[in-house]
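See below for the structure under consideration.
Numbering (my numbering), first residue to last: -7 to 228.
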């Protein structure tokens, strides 16, 4: 198996499509979402981002840097990756708050959604095993959630050019001018590509005798990620 990422993407293509092409995303692109639905989802995405902060911090705490000085070692680069992921999501939280203030959006959630709760469980589970494993699960989770997020909002972006909505309501402008361009940007795509490169390096350092067992674990984890992603989008 040459590429773990490509193997996972082809493993259940229907589930990946279901997780990244929800009707919610299409309505977001065409400007047909109702404000209360957008605000409810944004409030949950903010809670997800807060959980992501703790996840990245816990993974960083578990990375073994060793004693040798080698800034190009895989573990050093994994540390840099998760540090950047932590900075990115912190910036994202500030972006949420800034856009909400400028466009009059309510980001306060009454309680966590099922999707947030299940992602929190995955974050805790994968961060706990970092110290005694090869970072495989932690990397699959990081790549999986970011790959789905990028693909989903890139899908929404394709609807922008075909939108028939004439709504200039502030919440629609927040989507079309702020959120969708940010979540489907070239910069974000490059970050996801960077994760994938390191994911493959982590996979390649798995001992040959452990590859089959590890493959089964990450296939199961990928399936769980896709299920959570599908649940994360509101029904419209």
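Ideal placement from N, C-alpha and C gives every residue a C-beta, glycine not left out.
Here the structure is a predicted model, which is why all the values come from computation and not from measurement.
- With at least 16 other beta carbons inside 10 angstroms of its own, residue 21 counts as buried.
- Taking 7 Å as the cut-off, the Cβ atoms of residue 47 and residue -5 do not count as close.
- Nearest to residue 93 by C-alpha distance, out of 163, 72 and 151, is 163.
- Boundaries cannot be given for residue 226, as no alpha helix (DSSP H) includes it and DSSP labels it neither H nor E.
- For residue 54, the secondary structure class from DSSP, reduced to helix, strand or coil, is helix.
- The beta carbons of residue 79 and residue 142 sit no closer together than 7 Å.
- By the beta-carbon neighbour count (other beta carbons within 10 angstroms, threshold 16), residue 226 is buried.
- Taking C-beta separations shorter than 8 Å and ignoring five residues to either side along the sequence, the partners of residue 19 in its chain run 25 and 228, following chain order.
- Nearest to residue 169 by C-alpha distance, out of 193, 149 and 112, is 149.
- Segment contact: the stretch 180 to 195 against the stretch 99 to 117, fewer than three CB-CB distances shorter than 8 Å; contact not assigned.
- The Cβ-Cβ distance between residue 172 and residue 145 falls below 7 Å.
- DSSP places residue 136 within a helical segment (H, G or I) once states are collapsed to three.
- For the pair residue 134 and residue 187, the CB atoms are nearer than the 7 Å cut-off.
- For residue 96, the three-state secondary structure derived from DSSP is coil.
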